[in-house]
Every structure is written in structure tokens, then in C-alpha cells.
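First comes the structure, then the notes that go with it.
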Amino acid sequence: MLGAVALDGAALGRSRRSAPSCLTARRSGCSTRRAGRSLAAPACSRHELGGALSSTHAHKGRPATGAYTVSIAGLSTTRFADHIAHIYDLACCHANHALGDISLTPDNIHELSEARALAFFGSCHEGYERAQTLILGYLLDMEGHKRELESELKNARTAKRTAIANELAKKTGLAAKKINILKKLADSIAWQMIGQQYHVARRLHTGAAAGPVSATHHQSTFHAAQAYRAQSPYRFALLTDITTLVNIGDLLMVDRADRSITIAEVKSGKKNEEVTEFLNFAIKSKFACPASFFYFKQAHGEKGVEQAERVFKQYVKLSNAGKAIRSGVLHDLDLNASLRTPDCPPYLPDYDAAVDDCIAAAVRDGVSIGRCDDCLYIGAFAFDAAPQQVGDYFRLIDVGIDEGKTADCIKLTDGFSMPLAPPIFVRHLPREQIMLVTFGLVNVLLYLRLDKFAQLAEEQGLRISWLSKSETQKLKPRPNGMAVFNGRALRFDGTDKSIVFHESLLTRMLFQGITPIGILSLIKDALSSPASE
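So in our numbering, the last spot in the sequence shown is 2015, and the numbers never skip.
Right, dumping it as C-alpha cells:
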């Protein structure tokens, strides 16, 4: 195993007295009944403790057979839905029982004994391990099925059998959606391991698209993960290839006993062992022996040198990510500011209770509309309601969407195709509602009215300005349609720096569930922090 880079306590939070991010509380600005997201990871990540604390996850047994068998998109089938619900239980709710009758609050979280906490983590990791095994198996099966469909589709198109080709194209797209759902379940484990710290996630994702798991050396990494897990119940290793989020290293490993996270690259085979041995020597000696490179090339040829270069580049990626996170001072790429990981993590309010209410009302009435902080609009509609009907509702309450522009609304399920969007499985939502949204039985639309968001910012004491249309066009990456108003981007101005509201900050709001006021508090803290070096 080469390039095992420890992230230490910075990735898990520095204080053992950190409160979980799912606690009973009422927040202002929207009907949020639960506290929000942490800036730095608590000792217990969201669903690890959150699943046990939230009454919405305190369920008994599995859903009745056929609970999700109807879907307008054909995504849900009884068998697949049951598999997903079962994996969700393992990945996000397996340790619900571990705290017994303890009722935790921000005031008494520190009273949880070390032994009880570690036993809780042991139960969490058992669920992670079982979920990972199922996800890997289902992914390999689904990828094989998708390849078969693609081959049949190619033949049908060659033979100009249009009707059959169209049907096969639908089935291929459906298989791709199922693969995304499975990978997002693996993402939910990763997000819990890093305590839902978005700035840490940004360092685990390079932007490269994830390939098929079947094309990786998943057997070797799976055996390495099992060996690591066998050393202690407080250890767990996640295969990064089954996620969409983590694409540096082969394993994301957590040890709750010493509060560390490690990214590791797994290498197998004689050639890789020789390359690894040479690189370990070169790195430890700080490349002080040029002759060793000459002898290595003589022994292994150009192919050996190329392999060594590939492995070394992987190591550099791991090392850079580890140094950035381990330092405790993290440069937030979205805010363009250096933030120090606090000992007592602050919490950001979420609006998941408002989403919860909208979904429940949509199940009952067909369509429901809600809002948060008077600028973020939430619409939910049951599978038999037309999306246009929701657009009409938005216009009726003066959201500001012009005729024919309902596409500007973001669907909550759009996050399934976005690696850096935290999955719905780690939101503070009831289990049944998560499944309804996942399988398309209820659709949730989100829309941010940027001009009202700007007004809210001024009320919160922030100075704002609007970029011109030409300045907005030059932004890289350019904001999408949801992050501009009348073609102009919003900028927050500080004393010595400014922050443009762009798509990444919007992603935190829409998919991580942070309220607009919570996002503004992030921006305010970044503007008041010392300028980045």
C-alpha cells in the first residue's frame, strides 16, 4: 500500500465534545425543527449520531413490500427499491439502537462515555461494511447489465430497428440511473466519514469522471478494506471506486479510536511491489541518489519508468490533500478564504423540516409550496401532478419565474448526477420521504430568488454589489442560470476582499440543505477572516 496519507483529527473535528448535527431545535427564518450542518466535523458524523437522534429515522423494520412500486419514470421496482431501502438502513441507520434510551442534546452530548461512543461507532462501521459489500455486488451486476443493453442498442440501431432501439435506450438510461443511486449510497458513507465538511470533500474530488467499477482492481481494494476493518471494530475502509465523490486514492479509511482519517493507494502484483519499494526509498531519501533512477530504468525499462511516474503522481495528489486537511487551516475554494478548523464546530441551520412538510403535503394534496428565509422557494408534487402545475404555483406566489422558464428550478434529484452534491440520504428527512423522492414518486423543486437573497444579505449587514452582464460572462466557472439575476451575478464586498455568489455556494444551499441565512453567515465569516496568503 503506497501513499497512505493520514488526515488526522482535522478531518474528524478536534473536539470530542462536538455535538451531532441532528438535534431537536427550532430555527428562525423557516419552519426548521432540526439544527443544521457543521463547518467542521463533529466527533460523530450526521447520520452516525443523527440517525439515532432524529425521530424520523427511529423506524421499526423495513417498508411494506411494494411501497415504491409505482413510478412515472419506471425507475422504481419492488425488488430494486427494497434493495436500496435495505442498503440505506445499513449505511445511515444501522446504529440507531446503540444509544438505547439516551436522549442527546447540545448540552449533554459531552456526557456520553468514551466506551459508549466507541461501541456506537463499532455498530456504525458494521453497517458501513455490510452496505459496501452489497453496493459493490449490485454495481458489478448493474454495470454488466448496462453493457449488455448498450451492445443490443448498438445492434438495433445498425439494423435500423427504431422502435426496439428506443426501448433499449430507455432501459439503458434506467440502468445508468440505478448505478447513480447505488454510488450515491456509497457517497453517503463518505460524507459521514468526513463529517459532511464540504471543504474536505472538495479535496477528495478532482473533477475527473468516475469510470465503471468493473474496470478497477476492486478485488484487491476490497481485500485490503476487509483486512483494515478486521484490525479493530472502530476502523472502516471505503472503496473510493464505488463512490462519485472520492477520486483520489483507492481507500478512504477511518479509525475512530485515534480519531484519524487516511487516504491510501492500494497496489498489487510483483511489478507494483517493485515500483512501490523503489518510490518509498526515493521519497524517504528525498531523491538524494540519482544513480538509483538509472539502475531502476535499466532493470525495468521504459514501461517501468512510466508506471513509477503514474504511481508517484497518485502519491503527490494524496500528499497534497493530506497536507491541506491535516494543517487545520483549510483554504475554502468556494469562499476563496482560509478557514481554521475550530475546536467547537459551529452549526448552520438547515431547512429540511420545510422540505419534510412540503413532501408530506404533496403526498396528501398532490402539490405543495413552501419557502425559507423569504427567498428560497420549495415546491413538491406527487408523481401524477404535472411539473408545469408547480411552475404555475411558483408564479402565483410571485417567485419571479417568467412564463416558460420553470426549467430554472433545480430538482432535488439532480444531485444524483453531481459528485459534490451531498446525497439526499444524509439529509434530515424521514426515511419514507427519502425513498419517495429517490424513486420519483414525489418530485421536489428548489428555486432561489437571487434579488431577494441580496436583500436578505443587506438586512444581515453585508455589503453587496451586482456585476455587469459582461463581467458575469467572464466569470470562470460561469454561474448557471440559478446563480444570476437578469444576467448579472451577485458579489459580496468586504474590507480587503470580495466573494461572488456562484454555483458551488448554491450547491451547498440546495443539496446540503443550508438555509440562505446559514450561507450568508459562511460568507460573512469568510469576509471577516484574514486575507489568504
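The C-beta atom is built at its ideal place from N, Cα and C for all residues, glycine as well.
### Message
Give me the DSSP bridge partner(s) of G1852.
### Response
The partner list for G1852 (beta bridge, DSSP) reads I1860.
### Task
Would you tell me roughly how many angstroms separate the C-alpha atoms of C1891 and A1706, rounded to the nearest one?
Taking the straight line joining both Cα atoms gives about 43 angstroms.
### Query
In the DSSP assignment, what are the bridge partners of W1948?
For W1948, which the question treats as bridged, DSSP gives the partners L1972.
### Message
Does any residue of chain C have a CB that is nearer than 8 angstroms to the CB of A1936?
### Response
The chain inventory of the structure shown lacks chain C, comprising one protein chain alone.
#### Entry: Cβ shell of A1903 (< 6 angstroms), same chain only, five flanking positions each side left out
Around A1903: G1897, T1989 and F1993.
### Message
Does R1846 pass the burial test, meaning 16 or more other C-beta atoms within 10 Å, or should it be called exposed?
### Response
Exposed is the call here.
### Message
For K1956 and A1971, what's the separation of their Cα atoms in angstroms?
### Response
Rounded to whole angstroms, the gap between the alpha carbons of K1956 and A1971 is 11 angstroms.
### Message
Can you tell me whether A2008 is buried or exposed? The criterion is at least 16 other CB atoms within 10 Å of its CB, across all chains shown.
### Response
The residue in question, A2008, is buried, as its Cβ has 16 or more Cβ neighbours within 10 Å.
### Query
How about L1727 and T1703: are their beta carbons less than 8 angstroms apart?
Going by beta carbons, L1727 and T1703 fall outside the 8 angstroms limit.
#### Entry: I1996 beta carbon less than 8 angstroms from that of L1830
Contact flag set, yes.
### Query
Based on the DSSP secondary-structure assignment, which residues constitute the bridge partners of V2028?
This structure does not reach residue 2028, given that the chain is present from 1483 up to 2015, and the question cannot be answered.
### Query
With respect to the alpha helix (DSSP H) encompassing I1661, which residues constitute its N-terminal and C-terminal limits?
If you look at I1661, you'll find it in the alpha helix (DSSP H) that goes T1644 to M1675.
### Message
Check this for me: beta carbons of K1628 and T1725, under 8 angstroms apart or not?
### Response
Taking 8 angstroms as the Cβ cut-off, K1628 and T1725 do not qualify as a contacting pair.
### Task
Assign R1913 to one of two classes, buried (16 or more other C-beta atoms within 10 Å of its C-beta) or exposed (fewer than that).
When all chains shown are included, R1913 counts as buried.
### Task
Go to I1841, then tell me how far its alpha helix (DSSP H) extends in each direction, as first and last residue.
Element bounds for I1841: D1834 to D1847.
### First and last residue of the uninterrupted alpha helix (DSSP H) at L2057
Residue 2057 is absent from the structure shown; the chain starts at 1483 and stops at 2015.
### Task
Give a yes or no on whether the C-beta atoms belonging to A1862 and A1836 are separated by under 8 angstroms.
Taking 8 angstroms as the Cβ cut-off, A1862 and A1836 do not qualify as a contacting pair.
### Query
Among Y1570, A1638, I1646 and K1652, which one has its Cα closest to the Cα of Q1614?
Out of Y1570, A1638, I1646 and K1652, Y1570 has the C-alpha closest to the C-alpha of Q1614.
### Task
Taking only the alpha-carbon atoms, compute the straight-line gap between T1688 and P1715 and give it to the nearest angstrom.
Approximately 31 angstroms between the Cα atoms of the pair.
### Message
Could you compute how far the alpha carbon of L1927 sits from the alpha carbon of E1941?
### Response
Taking the CA atoms as reference points, L1927 sits about 26 angstroms from E1941.
### Query
Would the beta-carbon of R1973 fall within 8 angstroms of that of V1982?
In contact: R1973 and V1982 (Cβ atoms closer than 8 angstroms).
### Query
Comparing alpha-carbon positions, which option in A1939, I1860, T1654 and F1603 lies nearest I1671?
Residue nearest to I1671 within the set A1939, I1860, T1654 and F1603 is F1603 (criterion: CA-CA distance).
#### Entry: Member of H1910, H1568 and T1920 whose CA lies at the smallest distance from the CA of S1899
Restricting attention to H1910, H1568 and T1920, the CA atom closest to the CA of S1899 is found in T1920.
### Query
Where does F1967 fall in DSSP's three states?
Three-state DSSP puts F1967 in a strand.
### Query
Is there contact between the segment 1611-1625 and the segment 1642-1655, where contact requires at least three CB pairs shorter than 8 angstroms?
With a cut-off of 8 angstroms on Cβ pairs, the segment 1611-1625 is not in contact with the segment 1642-1655, counting fewer than three such pairs.
### Helix, strand or coil at L1928 according to DSSP, with G and I counted as helix
Residue state, collapsed to three classes: strand.
### Message
Starting from V1919, trace the alpha helix (DSSP H) in both directions and tell me its first and last residue.
### Response
Taken as a continuous stretch (DSSP letters only), the alpha helix (DSSP H) holding V1919 covers R1913 to T1920.
### Message
Along the chain, where does the alpha helix (DSSP H) containing V1982 start, and where does it finish?
### Response
Segment S1980 to V1982 is the beta strand (DSSP E) holding V1982; no alpha helix (DSSP H) there.
### Message
By alpha-carbon positions, which one of I2001, Q1701 and N1637 ends up nearest to G1619?
### Response
That would be Q1701, whose Cα lies nearest to the Cα of G1619.
### Neighbour-count burial assignment, P1524, 16 or more Cβ in a 10 Å radius
With a pLDDT of 29 at P1524, under the threshold of 50, the modelled position of this residue cannot be trusted; read the value that follows with caution. Buried.
### Message
Quick check on L1830: does DSSP put it in helix, strand or coil?
### Response
Reduced to three states, the DSSP call for L1830 is strand.
### Query
Among residues of its own chain, excluding the 5 on either side of A1638, which ones have a beta-carbon nearer than 7 angstroms to its beta-carbon?
Once the five neighbours on either side are set aside, the close Cβ partners of A1638 are I1646, A1647 and L1650.
### Task
State the Cα-Cα distance for the pair Y1710 and V1736, rounded to the nearest angstrom.
Distance between the alpha carbons of Y1710 and V1736 is about 10 angstroms.
### Query
Could you give the distance in angstroms between the alpha-carbon of S1980 and the alpha-carbon of R1931?
Straight through space, the alpha carbons of R1931 and S1980 are spaced by roughly 21 angstroms.
### Task
Just confirm the distance between the C-beta atoms of H1576 and S1595, as a whole number of angstroms; I'd bet it's less than 8 angstroms.
S1595 and H1576 do not touch by the CB rule: their CB atoms are close to 20 angstroms apart, not below 8 angstroms.
### Contact under 8 angstroms by Cβ, S1850 with C1857
Cβ distance not < 8 angstroms, so S1850 and C1857 don't count as in contact.
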